[in-house]
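**Q**
Protein chains in written order, with my numbering: chain A, 89 to 332; chain B, 980 to 1225.
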C-alpha cells in the first residue's frame, strides 16, 4: 500500500470509485456553521498560470459529457461546454462580462434572387429566402423557406417585406405563419409604381418540430404583377432565435 | 507525515489534491461504474449550514482569470456565475429561485432623441443620421452618445430595433430606416405612404451577427420629392436599441 497523503494533501490524483448498484457515490464538501456569512463551502480548481492548462469541472456518463470552467487557449473565457473538456465546444461563454451562446438556435436569411409577378391580385406568395446570413443550428431551409423549431420554447421571429411595381394595390398583407398561429400585418396600398413595405416581429411559442414561414399578398391590381424588391438583399428577410 | 482522514472524513475542513507535472492533468475523480440502476449516481456536493451561513460554490482560476459559480446566500440563494473568486461580485449570469435567467453584464442599449426637431433633413433620398443622444440605458457603455454609434464588445448575435418619424414633407411616397454594420446597410424597413400625408414613419427589428469591434448605426431617408422633410424629435417616435442575445 502506498500512502501519498501528507498534511491533507493528495500528492497524486484522487479517485473515489464504486460499483455497487443503486448506491450513490459522492464527494461532500460541507460547512455546518450557520452563524457567519463567511462560512462557505468551496471547491476550488486551480491551474498554474497563462502558460498552464484549463481549470474545469467535467461531468460525464458513458453517453455524453459536459464541462464547466476556464479555457486558457481562448482568452480565459469561462465556458459551459457539451464536451469532456472546455476547449472542444462552447455552449455558453462569458468574456468581459458578456454572455454568448454560439450554439443557440438562431438564423437570418434574405431574398436574393429576383421574384417578379408574385402577387397583386390576391395571390398568396410564400417567400423562400434563398441566402443565409447565418444559421447556428441548421434549422432554416433555403430550399423551402421554412424554419423548424428544434426544441419547445418561445422564439423571436421577424420579417421585412418590400414590394415594387404597385400601381393600384389597395391592401398588402404580410404574415409569419407558424404551426399553431399566424401573425399578419395588413397595411395600405399604393399607387404610381412605387415601393411599399412593412415588417412583423413576434415572440411565438413553438413546440419542437413546429414550423414557421413568411407569406404575403397584395390586393387590387389588375393582375399578380407586383415584384419582390431584392436590392442588395437588405429589404426582404426572415430571422429568429430561441428566446427562452 | 500527518494523516487526518478518519472514516473517509477530513475533519480539518480542507483537502487538497496537488501536483505540478508539466503536461499532466491533476484530477479528483468521483466514479461509479455500475450501469444497471438509475440510482447509481456519482456527485460532488457542496453544502453550507443554513440561511445565516456562507455560499456553496465552485471556484475556477488559472492565475489570470477568476470565475465562480454556485449559490449566493446573500442574494436570495440565486444561482450565479460571477467573474470573481466568490459568487455575488460582478455577476455575468443569474438564475433566481423561480428559474428566471438574467445576464446583468451583457451589453445592451436604448437611446432616443433629446426632443429637438431637425429641419429639412431628407425628402429627396438624402441619408440622415438622427441625433439619438439620450440614453434610456447603456449597459456596458458601448453606445457613443456623441457619434451615435454602437461598438460591439464581443462577437455574437445581436438584436436591433428602431423607429423614426418625419414631418413636413410634401409628396413623399416612402421613407426608410436602416441599420448598418461597419458603415454598410444590412437591413432596411420601408413604409409606403399616401403622398398627401404630413407625418410619415418607419420601423424595423432584426438579428444580425457582428464581430468584436464592429460598429452599428441607424439612419433614415425619404423620397421622392424635395429635401423639406423634418426629423421629428418627439422622444416617443424615434429610437434605436440593441442587445447581445446569443
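Even for Gly, the Cβ is constructed at its ideal location relative to N, Cα and C.
In this structure, does DSSP put residue 1141 (chain B) in helix, strand or coil?
**A** Position 162 of the second chain, counted from the start, is the residue given in the question as residue 1141 (chain B). Here residue 1141 (chain B) sits in strand by DSSP.
**Q** Taking CB distances under 7 Å as the criterion, tell me whether residue 114 (chain A) reaches chain B.
**A** Taking the first chain and counting its residues from 1, the one referred to as residue 114 (chain A) is at position 26. Taking Cβ atoms only, chain B reaches closer than 7 Å to residue 114 (chain A), which makes this a yes.
**Q** Tell me which residues of the segment 140-157 of chain A have at least one Cβ-Cβ distance to chain B shorter than 8 Å, keeping chain order.
**A** 140, 141, 142, 143, 144, 145, 150, 156, 157
**Q** Quick check on residue 1219 (chain B): buried or exposed, where buried means 16 or more other Cβ atoms within 10 Å of its Cβ?
**A** Here residue 1219 (chain B) refers to the residue found at position 240 when the second chain is read from its first residue. Within a 10 Å sphere around the beta-carbon of residue 1219 (chain B) sit 16 or more other beta-carbons, which makes this residue buried.
**Q** Report all residues from its chain with a CB closer than 6 Å to the CB of residue 240 (chain A); omit the five preceding and five following residues, and keep chain order.
**A** For the purposes of this step, residue 240 (chain A) is identified with residue 152 of the first chain, where counting begins at 1. The residues are 295, 296.
**Q** Just curious, the beta strand (DSSP E) that residue 1110 (chain B) is in, first and last residue?
**A** Here residue 1110 (chain B) refers to the residue found at position 131 when the second chain is read from its first residue. Segment: none, residue 1110 (chain B) is in no beta strand (DSSP E) and carries neither H nor E.
**Q** Can you have a look at residue 1211 (chain B) and say buried or exposed, based on whether 16 or more other CB atoms are within 10 angstroms of its CB?
**A** Residue numbering aside, residue 1211 (chain B) sits at position 232 when the second chain is read from its first letter. Counting Cβ neighbours within 10 Å, residue 1211 (chain B) comes out buried, since at least 16 surround it.
**Q** Give the DSSP-derived three-state secondary structure of residue 285 (chain A) in the structure shown.
**A** Translated into the one-based positions of the first chain, residue 285 (chain A) becomes position 197. Residue 285 (chain A) falls in the strand class under three-state DSSP.
**Q** Do we get a CB-CB distance below 7 Å when we pair residue 220 (chain A) with the residues of chain B?
**A** Start at 1 with the first residue of the first chain, and residue 220 (chain A) comes out as number 132. With 7 Å as the cut-off, residue 220 (chain A) does not count as an interface residue toward chain B.
**Q** Let's test the definition: count the other Cβ atoms within 10 Å of the Cβ of residue 195 (chain A) and tell me whether it reaches 16, buried, or not, exposed.
**A** Residue mapping note: residue 195 (chain A) aligns to position 107 of the first chain, counting from 1. Per the 10 Å Cβ criterion, buried.
**Q** According to the neighbour-count rule (16 or more other Cβ atoms, all chains shown, within 10 Å of its Cβ), is residue 1142 (chain B) buried or exposed?
**A** Position 163 of the second chain, counted from the first residue, corresponds to residue 1142 (chain B). So residue 1142 (chain B) ends up on the buried side.
**Q** May I have the straight-line CA-CA distance separating residue 1046 (chain B) from residue 115 (chain A), to the nearest angstrom?
**A** In the second chain, residue 1046 (chain B) corresponds to position 67, counting from 1. In the first chain, residue 115 (chain A) corresponds to position 27, counting from 1. Going by the C-alpha atoms only, they are around 21 Å apart.
**Q** List, in chain order, every chain B residue whose beta-carbon is nearer than 8 Å to that of residue 166 (chain A).
**A** Your numbering for residue 166 (chain A) matches position 78 in the first chain. Within 8 Å Cβ-Cβ: 1039, 1044, 1046, 1060, 1062, 1071.
**Q** Using a Cβ-Cβ distance cut-off of 7 Å, determine whether residue 228 (chain A) contacts chain B.
**A** Start at 1 with the first residue of the first chain, and residue 228 (chain A) comes out as number 140. Taking Cβ atoms only, chain B never reaches closer than 7 Å to residue 228 (chain A), which makes this a no.
**Q** Using 7 Å as the limit for Cβ to Cβ distance, is residue 196 (chain A) near chain B?
**A** Position 108 of the first chain holds residue 196 (chain A). Taking Cβ atoms only, chain B reaches closer than 7 Å to residue 196 (chain A), which makes this a yes.
**Q** Is residue 327 (chain A) close to chain B? Criterion is C-beta to C-beta, closer than 7 Å.
**A** Position 239 of the first chain, counted from the first residue, corresponds to residue 327 (chain A). So yes, residue 327 (chain A) belongs to the interface.
**Q** Under the assumption that residue 1085 (chain B) contacts residue 186 (chain A) (Cβ atoms under 8 Å), give the Cβ distance between them as a whole number of angstroms.
**A** For the purposes of this step, residue 1085 (chain B) is identified with residue 106 of the second chain, where counting begins at 1. For the purposes of this step, residue 186 (chain A) is identified with residue 98 of the first chain, where counting begins at 1. The pair is a contact, with the Cβ atoms about 5 Å apart (cut-off 8 Å).
**Q** Rounded to whole angstroms, what is the Cα-Cα separation between residue 298 (chain A) and residue 184 (chain A)?
**A** Position 210 of the first chain, counted from the start, is the residue given in the question as residue 298 (chain A). Position 96 of the first chain, counted from the start, is the residue given in the question as residue 184 (chain A). Straight-line Cα distance between these residues: approximately 36 Å.
**Q** Bridge partners for residue 252 (chain A) per DSSP, in chain order?
**A** By 1-based counting over the first chain, the position of residue 252 (chain A) is 164. DSSP, once it has assigned bridges, lists A:315 as partnering residue 252 (chain A).
**Q** Below 6 Å CB to CB, which residues in the same chain sit around residue 90 (chain A) once its five sequence neighbours on both sides are set aside?
**A** For this step, residue 90 (chain A) is matched to residue 2 along the first chain. Confidence is the limiting factor: at residue 90 (chain A) the pLDDT is only 46, short of 50, which leaves the residue's position unreliable and the question unanswerable from this model.
**Q** If you measure beta-carbon to beta-carbon, which residues of the segment 272-288 of chain A are closer than 9 Å to chain B?
**A** 275, 276, 277, 278, 279, 280, 282, 283, 284, 285, 286, 287
**Q** Among residues of its own chain, excluding the 5 on either side of residue 157 (chain A), which ones have a beta-carbon nearer than 8 Å to its beta-carbon?
**A** Reading the first chain from its first residue, position 69 is the one you call residue 157 (chain A). Excluding residues within five positions, the ones whose Cβ falls inside 8 Å are 133, 142, 143, 144, 145, 166, 167, 174.
**Q** Could you please tell me which residues of the segment 1188-1202 of chain B, in chain order, have their CB closer than 8 Å to any CB of chain A?
**A** Cβ proximity to chain A below 8 Å picks out 1188 from the segment 1188-1202 of chain B.
**Q** Whose Cβ in chain B lies nearer than 7 Å to the Cβ of residue 322 (chain A)?
**A** Position 234 of the first chain holds residue 322 (chain A). Chain B residues near residue 322 (chain A): 1164, 1165, 1166, 1167.
**Q** Considering residue 189 (chain A), what are the terminal residues of the beta strand (DSSP E) in which it resides?
**A** What you label residue 189 (chain A) is simply residue 101 of the first chain in a count that begins at 1. From DSSP, residue 189 (chain A) is part of no beta strand (DSSP E); its letter is neither H nor E.
**Q** Residues of chain A with a CB under 7 Å from the CB of residue 1025 (chain B): which are they?
**A** Position 46 of the second chain, counted from the start, is the residue given in the question as residue 1025 (chain B). Within chain A, the residues near residue 1025 (chain B) are 117, 129, 131.
**Q** List the residues of chain A that residue 1106 (chain B) touches, going by C-beta distances under 9 Å, in chain order.
**A** Indexing the second chain from 1 puts residue 1106 (chain B) at position 127. Per Cβ cutoff of 9 Å: no residues; residue 1106 (chain B) is ~14 Å from chain A at best.
**Q** DSSP beta-bridge partners for residue 1209 (chain B)?
**A** Reading the second chain from its first residue, position 230 is the one you call residue 1209 (chain B). The partner list for residue 1209 (chain B) (beta bridge, DSSP) reads B:1146.
**Q** Given a threshold of 16 other Cβ atoms within 10 Å of its Cβ, counted over all protein chains shown, does residue 272 (chain A) qualify as buried or as exposed?
**A** Working through the first chain from its first residue, we reach residue 272 (chain A) at position 184. Exposed, by the Cβ-count rule.
**Q** What does residue 1109 (chain B) reach in chain A if we use C-beta pairs closer than 9 Å?
**A** Against the second chain, residue 1109 (chain B) aligns to sequence position 130. Result: empty, since nearest Cβ-Cβ is about 19 Å, beyond 9 Å.
**Q** Verify the CB distance criterion: does residue 1085 (chain B) have a CB-CB separation below 7 Å to chain A?
**A** Looking up residue 1085 (chain B) in the second chain gives position 106. Answer yes: the Cβ-Cβ gap between residue 1085 (chain B) and chain A drops below 7 Å somewhere.
**Q** Classify residue 1028 (chain B) as helix, strand or coil using the three-state DSSP reduction.
**A** On the second chain, residue 1028 (chain B) is found 49 positions in, with the first residue counted as 1. Note: residue 1028 (chain B) maps to coil in three-state DSSP.
**Q** Looking at C-beta atoms only, is the number of pairs between the segment 223-230 of chain A and the segment 241-254 of chain A that lie closer than 8 Å three or more?
**A** no
**Q** So, helix, strand or coil for residue 1221 (chain B), using DSSP?
**A** Residue numbering aside, residue 1221 (chain B) sits at position 242 when the second chain is read from its first letter. Here residue 1221 (chain B) sits in strand by DSSP.
**Q** Using a beta-carbon distance cut-off of less than 8 Å, what residues from the segment 235-255 of chain A approach chain B?
**A** 244, 246, 248, 250, 254
**Q** 7 Å is my cut-off, CB to CB: does residue 171 (chain A) come that close to chain B?
**A** On the first chain, position 83 is the one that residue 171 (chain A) refers to. Not one chain B Cβ lies under 7 Å of residue 171 (chain A).
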